[in-house]
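Asker: The structure is given below, and queries will be raised subsequently.
Protein chains: 2
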Amino acid sequence: MSQIPLARRSPVPPESCNLAKAIDIIGDRWTLLILRAALYGVRRFDDFQAELGCPRTVLSGRLKNLVEAGLLTKRPYKSPGKRARPEYTLSSMGLSLRPILVGLTQWGDAWLGQGETPPISFTKVGSKSAIRAAFVDLEGREVRPDQIRAVLRG
Amino acid sequence: MSQIPLARRSPVPPESCNLAKAIDIIGDRWTLLILRAALYGVRRFDDFQAELGCPRTVLSGRLKNLVEAGLLTKRPYKSPGKRARPEYTLSSMGLSLRPILVGLTQWGDAWLGQGETPPISFTKVGSKSAIRAAFVDLEGREVRPDQIRAVLRG
DNA sequence: ACTCTGGATTTAAAAAGCGAACTTATCCAA
DNA sequence: TTGGATAAGTTCGCTTTTTAAATCCAGAGT
Chain W
61 MSQIPLARRS
71 PVPPESCNLA
81 KAIDIIGDRW
91 TLLILRAALY
101 GVRRFDDFQA
111 ELGCPRTVLS
121 GRLKNLVEAG
131 LLTKRPYKSP
141 GKRARPEYTL
151 SSMGLSLRPI
161 LVGLTQWGDA
171 WLGQGETPPI
181 SFTKVGSKSA
191 IRAAFVDLEG
201 REVRPDQIRA
211 VLRG
Chain S
61 MSQIPLARRS
71 PVPPESCNLA
81 KAIDIIGDRW
91 TLLILRAALY
101 GVRRFDDFQA
111 ELGCPRTVLS
121 GRLKNLVEAG
131 LLTKRPYKSP
141 GKRARPEYTL
151 SSMGLSLRPI
161 LVGLTQWGDA
171 WLGQGETPPI
181 SFTKVGSKSA
191 IRAAFVDLEG
201 REVRPDQIRA
211 VLRG
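Residue numbers (this note's numbering), protein chains in the order written: chain W, 61 to 214; chain S, 61 to 214.
Given below as structure tokens:
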């Protein structure tokens, strides 16, 4: 049933694979949930903690990793009458993960939603029709998944 | 710099969010690396183990989880002169994660590749130009990231 | 019977996760 | 200037998970 031919090994060893590197950075439950919250506008330590319900130690470590990796930017904010505190916002590197997380949301809607209407969907401004994550060619036209070919360097 | 307005909480609580559910299933380093290998055609226990270099206990458990979640299908295969053994192939549910992992690969190429030519790239059949992950509207036309709006059910 | 081999489990030490309490720093009010 | 409120972490003791190595198991070939 699988269209994928049998292989004993993947064509790119994990050490030199950028997918494997990406997985090392974001392939973690709490890290992904932090990025999800950040994409929805959560920025502050206690807000992340309340949203995720994870131990503060874990949150602290994951935020530090994400800042070091360049996905989050840490900088002070100040609301009037309050002392300055750090906030964590997505860098352009982090923001560019958005299509992937939206794609994963829609994968979840399709396979894990148990037939219910998804609680959130995505549209183009000024339009009511849904958008979705997909592949496009250089001109911005969609390429269907079965039309994709992998090409090895060399 | 972040275009995302401040929020104290995400609009969809993690318990009812299909993205959070998806993260619960695949948001794990080894699980993602298993899926990566499976997308490249790896099917057998020892091949996964050699590819990932992970403890066999962990591999065994993750494979079981993925079968239970419906992403992998376990069935026997038999090469001539050998006893029957199980192999793990992607179900349609697992195959439909492909755009997401390809998108993540390209994210890694852009941000983690250190300027080197990516070891693997993706094109449309019969074309040499690269494709990329993006959003499209109903007609398959690209929607730029700044034109996307989230819509809550209600 | 004996051996080989691929798939998986057992075991014990190391690592990571967990929750609660504690510390720190600053603003505001008394 | 003292005291309290608040947000961002850190410390601490305990539990769970991961890890790596050894072991088990079933069936095919000899």
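Quick reminder that beta carbons are idealized off the backbone N, C-alpha and C, glycines included. On a predicted model such as this, the values are computed, not experimentally measured, just so you know.
(1) Select from the segment 122-155 of chain W all residues with a C-beta closer than 7 Å to any C-beta belonging to chain S, and list them in chain order.
(2) Just checking my contact of Leu-1 (chain W) with Leu-99 (chain W) at CB under 8 Å: how many whole Å lie between their CB atoms?
(3) Please report how far the alpha carbon of Glu-75 (chain S) lies from the alpha carbon of Pro-136 (chain W), in whole angstroms.
(4) So, is the C-beta of Arg-116 (chain S) closer than 9 Å to a C-beta in chain W?
(5) Could you compute how far the alpha carbon of Arg-104 (chain S) sits from the alpha carbon of Leu-95 (chain W)?
(6) Quick one: which chain S residues come within Cβ less than 9 Å of Leu-99 (chain W)?
(7) Since Ile-208 (chain W) is in the alpha helix (DSSP H), which residue starts that stretch and which ends it?
(8) Report yes if the CB atom of Gly-200 (chain S) is closer than 9 Å to the CB atom of Arg-201 (chain W), and no otherwise.
(9) Could one say the Cβ of Gln-109 (chain S) lies closer than 9 Å to chain W's Cβ atoms, at least one of them?
(10) Within 10 angstroms of the Cβ of Thr-165 (chain S), are there 16 or more other Cβ atoms? Answer buried if so, exposed if not.
(11) For a minimum of 3 consecutive residues, which ranges assigned as the beta strand (DSSP E) are wholly contained in the segment 126-152 of chain S?
(12) Under 8 Å, CB to CB, which of the residues in the segment 169-183 of chain S have a partner in chain W?
(13) Check Lys-184 (chain S) in the structure and name its three-state DSSP category.
(14) Does the count of Cβ pairs from the segment 187-197 of chain S and the segment 189-198 of chain W closer than 8 Å reach three?
(15) Interface residues of chain W around Phe-79 (chain S) at Cβ under 8 Å?
(16) Mind checking if Ser-76 (chain S) is an interface residue toward chain W, Cβ cutoff 9 Å exclusive?
(17) Looking at the strands, I want to know which residues DSSP matches up with Val-72 (chain S).
(18) If you reduce the DSSP assignment to three classes, tell me which class Asp-197 (chain S) lands in.
(19) So, is the C-beta of Phe-195 (chain W) closer than 9 Å to a C-beta in chain S?
(20) Is the distance from the Cβ of Pro-65 (chain W) to the Cβ of Gly-101 (chain S) below 9 Å?
(21) Give the residues of chain W in contact with Ser-189 (chain S), contact being defined as C-beta atoms less than 7 Å apart.
(22) With DSSP run on the structure shown, which of helix, strand or coil describes Glu-202 (chain W)?
(23) Just grab the DSSP bridge partners of Val-102 (chain S) for me.
Answerer: The relevant details are as follows:
(1) So the close ones are Thr-149, Leu-150 and Met-153.
(2) Only positions 61 to 214 of chain W appear in the structure, and residue 1 (chain W) is not among them; the question remains open.
(3) Roughly 31 Å separates the two Cα atoms.
(4) It does not; no Cβ of chain W falls within 9 Å.
(5) The C-alpha of Leu-95 (chain W) is placed about 33 Å away from the C-alpha of Arg-104 (chain S).
(6) Near Leu-99 (chain W) (Cβ distances below 9 Å), the residues of chain S are Ile-64 and Ser-70.
(7) Here Ile-208 (chain W) belongs to no alpha helix (DSSP H); instead the beta strand (DSSP E) covers 208-212.
(8) Result yes, Cβ atoms of Gly-200 (chain S) and Arg-201 (chain W) sit closer than 9 Å.
(9) Taking 9 Å as the threshold, the shortest C-beta distance from Gln-109 (chain S) to chain W does not fall below it.
(10) Buried, since its Cβ has 16 or more Cβ neighbours within 10 Å.
(11) If you keep only unbroken beta strand (DSSP E) runs of at least 3 residues inside the segment 126-152 of chain S, you get 132-137 and 145-150.
(12) Taken in chain order, the members of the segment 169-183 of chain S whose beta-carbon sits within less than 8 Å of a beta-carbon on chain W are Asp-169, Ala-170, Trp-171, Leu-172, Gly-173, Thr-177, Pro-178, Pro-179, Ile-180, Ser-181, Phe-182 and Thr-183.
(13) In the structure shown, Lys-184 (chain S) sits in a strand (DSSP, three-state: E or B).
(14) Enough Cβ pairs lie closer than 8 Å, so yes.
(15) A small correction: the amino acid at residue 79 (chain S) is Leu; Phe does not occupy that position in the sequence shown. For Leu-79 (chain S), the chain W residues whose Cβ falls inside 8 Å of its Cβ are Arg-96, Leu-161, Leu-164, Thr-165 and Gly-168, in order along the chain.
(16) Judged by the 9 Å Cβ criterion, Ser-76 (chain S) is in contact with chain W.
(17) According to DSSP, Val-72 (chain S) bridges with nothing at all.
(18) The answer is coil: DSSP assigns Asp-197 (chain S) none of H, G, I, E or B.
(19) True, the Cβ-Cβ gap to chain S drops below 9 Å.
(20) Against a cut-off of 9 Å, the Cβ pair of Gly-101 (chain S) and Pro-65 (chain W) comes out as a contact.
(21) Here the neighbours are Asp-197 and Leu-198.
(22) Of the three classes helix, strand and coil, the one that applies to Glu-202 (chain W) here is strand, per DSSP.
(23) According to DSSP, Val-102 (chain S) bridges with W:Ala-67.
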